[in-house]
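Structure, as structure tokens:
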Amino acid sequence: MTRRAGMALALMCLLGVASCDQIGAIWDRLTGQRAGGPTRLDRTPLDARALSGSVLPQDAMAAVTAPQPLTAAAGELLVGARVEDELAEAARDLRLGADAVRAVRERGFAGLGDLPPEFAARVRARAGAMADETAERAARVVLERLGLRGVVTVQPAGIVKITLAHQAIPAAEAAGPRAIAWTDADACPHLITQDELEGDVALATRCMLKALAGSRRFAFVEPNYIAVVSAAPPSAAAPDAAPQTVANDPLLALQWNFRVRGSGPGLSSGGAGFAAFWAAHHVGSRQVRVAVVDTGLDLTNPDIHGSANVGRGIDVIADPLRAGDGDGVDGDVQDAGDACEATDAPSYHGTHVAGIIGAAVTNNHVGVAGGAWAVTVIPVRALGRCGGTLGDIVNGVNWAAGVAPALAQNGAELVNTAPADIINLSFSIEASCPASLQAAIDAATSRGALIVAAAGDRADQARYYAPANCRDVIVVGASDAKGELAFYSNFGPELDLIAPGGDMFADADRDGRPDGVLSTRATQSGCYDPLNQSVAPRCYYSFMQGASMAAPHVSAALALLAAETGLRGTKLREALMMRAVSPFPAGFGQIECARVHNATPNSGLCARPSGRGYLDLARAARSSH
Numbered sequence: 001m002t003r004r005a006g007m008a009l010a011l012m013c014l015l016g017v018a019s020c021d022q023i024g025a026i027w028d029r030l031t032g033q034r035a036g037g038p039t040r041l042d043r044t045p046l047d048a049r050a051l052s053g054s055v056l057p058q059d060a061m062a063a064v065t066a067p068q069p070l071t072a073a074a075g076e077l078l079v080g081a082r083v084e085d086e087l088a089e090a091a092r093d094l095r096l097g098a099d100a101v102r103a104v105r106e107r108g109f110a111g112l113g114d115l116p117p118e119f120a121a122r123v124r125a126r127a128g129a130m131a132d133e134t135a136e137r138a139a140r141v142v143l144e145r146l147g148l149r150g151v152v153t154v155q156p157a158g159i160v161k162i163t164l165a166h167q168a169i170p171a172a173e174a175a176g177p178r179a180i181a182w183t184d185a186d187a188c189p190h191l192i193t194q195d196e197l198e199g200d201v202a203l204a205t206r207c208m209l210k211a212l213a214g215s216r217r218f219a220f221v222e223p224n225y226i227a228v229v230s231a232a233p234p235s236a237a238a239p240d241a242a243p244q245t246v247a248n249d250p251l252l253a254l255q256w257n258f259r260v261r262g263s264g265p266g267l268s269s270g271g272a273g274f275a276a277f278w279a280a281h282h283v284g285s286r287q288v289r290v291a292v293v294d295t296g297l298d299l300t301n302p303d304i305h306g307s308a309n310v311g312r313g314i315d316v317i318a319d320p321l322r323a324g325d326g327d328g329v330d331g332d333v334q335d336a337g338d339a340c341e342a343t344d345a346p347s348y349h350g351t352h353v354a355g356i357i358g359a360a361v362t363n364n365h366v367g368v369a370g371g372a373w374a375v376t377v378i379p380v381r382a383l384g385r386c387g388g389t390l391g392d393i394v395n396g397v398n399w400a401a402g403v404a405p406a407l408a409q410n411g412a413e414l415v416n417t418a419p420a421d422i423i424n425l426s427f428s429i430e431a432s433c434p435a436s437l438q439a440a441i442d443a444a445t446s447r448g449a450l451i452v453a454a455a456g457d458r459a460d461q462a463r464y465y466a467p468a469n470c471r472d473v474i475v476v477g478a479s480d481a482k483g484e485l486a487f488y489s490n491f492g493p494e495l496d497l498i499a500p501g502g503d504m505f506a507d508a509d510r511d512g513r514p515d516g517v518l519s520t521r522a523t524q525s526g527c528y529d530p531l532n533q534s535v536a537p538r539c540y541y542s543f544m545q546g547a548s549m550a551a552p553h554v555s556a557a558l559a560l561l562a563a564e565t566g567l568r569g570t571k572l573r574e575a576l577m578m579r580a581v582s583p584f585p586a587g588f589g590q591i592e593c594a595r596v597h598n599a600t601p602n603s604g605l606c607a608r609p610s611g612r613g614y615l616d617l618a619r620a621a622r623s624s625h
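So the sequence shown is residues 1 to 625, counted in this note's numbering.
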């Protein structure tokens, strides 16, 4: 296993900026500018116009969909407290009467609906505390039985984390967060010595899981998986020169993903129709809250610094070594980096995702546009060095939805008083949906939140990847600038729709630029100033590709629809699917079988089911008139 496996390094591109006439009449109307008018680049600071990247070589495509090892945090396991088992006892302790006790004994959580809300809340809280105590005690018993030392920590929402105090750390791992390769085929052997158990952290983790599961004292037992953002090949160098351009807003002309679908000036075959929705005067509302559970947010970006579209977030990374910022859980959402090696650049993946949604201020003559001009983006920093652990992600989802507070290092509770309406999850774990994550999703959706999940980037079936294989999530695959399913996108019946994810290896319109998705992301590699065709020392805008980029387009579309209609929850999801999805043409998604894994053969071609259609806000704009 390498530390770099699974990490998203930036996919960036740069070869120039298109002319204003490619934006078309819609954008001229919104900005009040005449196509072909005076350039604004010379009045735009360098850090608000420079960008990075180029079309990537074809021989690097295989690296995008290459298998990656599933990893878990070494010596860490998550178990679920059996809260429902304690409901009847809690009702008795609170002296609520025989009818209440009988209701929760026979019907569990459903029986709480028979109680007045204040009594139901008291029973749930009491049962949770009792279940946490029981689970904590049971975990300590298993530790003692195996002769292992460790720390048992009760976390919010009925999750208990076990961390083995293991000293056998390879020297190569000592500088970063410990991780082990994880496969279900690797099991704890029947015969094992105490020395072997204490001398191998991977073996101890597996044997601890076996013992915890065998005790039958927990709702679930699972490894603390490590989630990763989209893998990427290295970016190519910037070109020597690019054509000087005239643009009203510096980089919007590069954002084909927001254009109306079609061919001709101002249109894109892969566009998602945001421009038409904006033209209908639907630009969003800051009353709509979108949480981004990711790597945090680069608050120094000129399009994000001081943005009124960014709300109070949280850093839920408990391990300071993984957090990379010297501390644990707190309110500092600044992205401190997610690379494993000190020589690697941070991906700023969460900043790129948040910029697509609307953390980047739009219509300000700086940098790029976001999907929702007005929105409240809530950064939830759950992925740090070498990825993010399942436990931190679950805590992040629970906090974002207002299900449970996060616990700071000093034990203080950090409460989200304004829960998210939409939660964006742009990462993947190649495993069945973990029980702890499903529980967090269930709790969030029961409170009216919608969960948007990236399908994954392995050109494989989405059913193998969480959170795309979890229940009650909106699963988004990636399309390219031609409107086709991107070569890397996962597929299958789990998908609900596809949205622009880009293709860094293609230049469909032959403008000398790759077809990635442009958003906020800082780098010092391959930066280029389009004003004077010179190399720039640093830039804050980059192109990336992936289902990670597709999902925030859907989150932004939901935010716009929520602002327009006032809908939330299930009804908002229905509005998206009914009004803002255009059906695929016949035969969509088919490809030569040799080019794809695990697809269904059909007359020499393989089908890749991709949901009901394309994200298309232009369709919703027409229906709003």
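Think of the CB as a built atom: it goes at the ideal place given N, C-alpha and C, for glycine as much as any other residue.
For the segment 408 to 453, the full-length beta strand (DSSP E) segments reaching 3 residues or more read 422 to 425 along the chain.
A Cβ-Cβ distance of about 11 angstroms is found for the pair S52 and A345, leaving them out of contact under the 8 angstroms criterion.
For G613, the enclosing beta strand (DSSP E) starts and ends at G613 to L615.
In this structure, DSSP gives E592 an extended state, which the three-state scheme calls strand.
Short of 8 angstroms from the beta carbon of N224, and not among the five residues preceding or following it, lie these beta carbons of its own chain, in chain order: A72, A73, E76, L77, L78, K161, T389, L390 and G391. It is roughly 50 angstroms from the alpha-carbon of R286 to the alpha-carbon of L148. Counting C-beta atoms within 10 angstroms of its own C-beta, Q155 has 16 or more neighbours from the protein chains shown and is therefore classed as buried.
Taking the C-beta atoms as reference points, V397 is found no nearer than 9 angstroms to L414. Residue state for C386 is assigned as coil, using DSSP reduced to three classes.
Secondary structure at R43: helix, using DSSP grouped into helix, strand and coil. A straight line joining the alpha-carbon of G326 with that of A401 spans about 27 angstroms. Here L252 has A369 as same chain residues with Cβ atoms under 6 angstroms from its own Cβ, once five neighbours each way along the sequence are excluded. In this structure, DSSP gives L77 an extended state, which the three-state scheme calls strand. Residues of the same chain with a CB within less than 7 angstroms of the CB of R126, apart from the 5 flanking positions on each side, are A90, D93 and L94 in chain order.
A81 is positioned such that its CB atom lies no closer than 9 angstroms to that of N395. Assignment of beta-bridge partners to C340 by DSSP yields no partner. When the five nearest sequence neighbours on each side are left out, the beta carbons in the same chain lying within less than 6 angstroms of the beta carbon of C188 are those of R206, C207 and K210, in order along the chain. For H282, the CB contacts under 6 angstroms within the same chain, skipping 5 residues up- and downstream, are L560 and E564 in chain order. Between the alpha carbons of L70 and A202 lies a gap of roughly 13 angstroms. By the criterion of at least three beta-carbon pairs nearer than 8 angstroms, the segment 317 to 331 is not in contact with the segment 459 to 472. By the Cβ-count criterion, D496 is buried, with 16 or more other Cβ atoms from all chains shown falling within 10 Å of its own Cβ.
Under the criterion of beta carbons closer than 8 angstroms, E430 and N469 do not qualify as touching, at roughly 10 angstroms.
Listed in chain order, the non-local C-beta contacts of I441 below 8 angstroms within the same chain comprise V397, I451, P467, C470, R471, D472 and V473, local neighbours out to five positions each way being set aside.
For V152, the enclosing beta strand (DSSP E) begins and ends at G150 to Q155. By alpha-carbon distance to A449, the top candidate from R573, G384, N490 and A478 is R573.
Rounded to whole angstroms, the gap between the alpha carbons of A275 and V260 is 6 angstroms.
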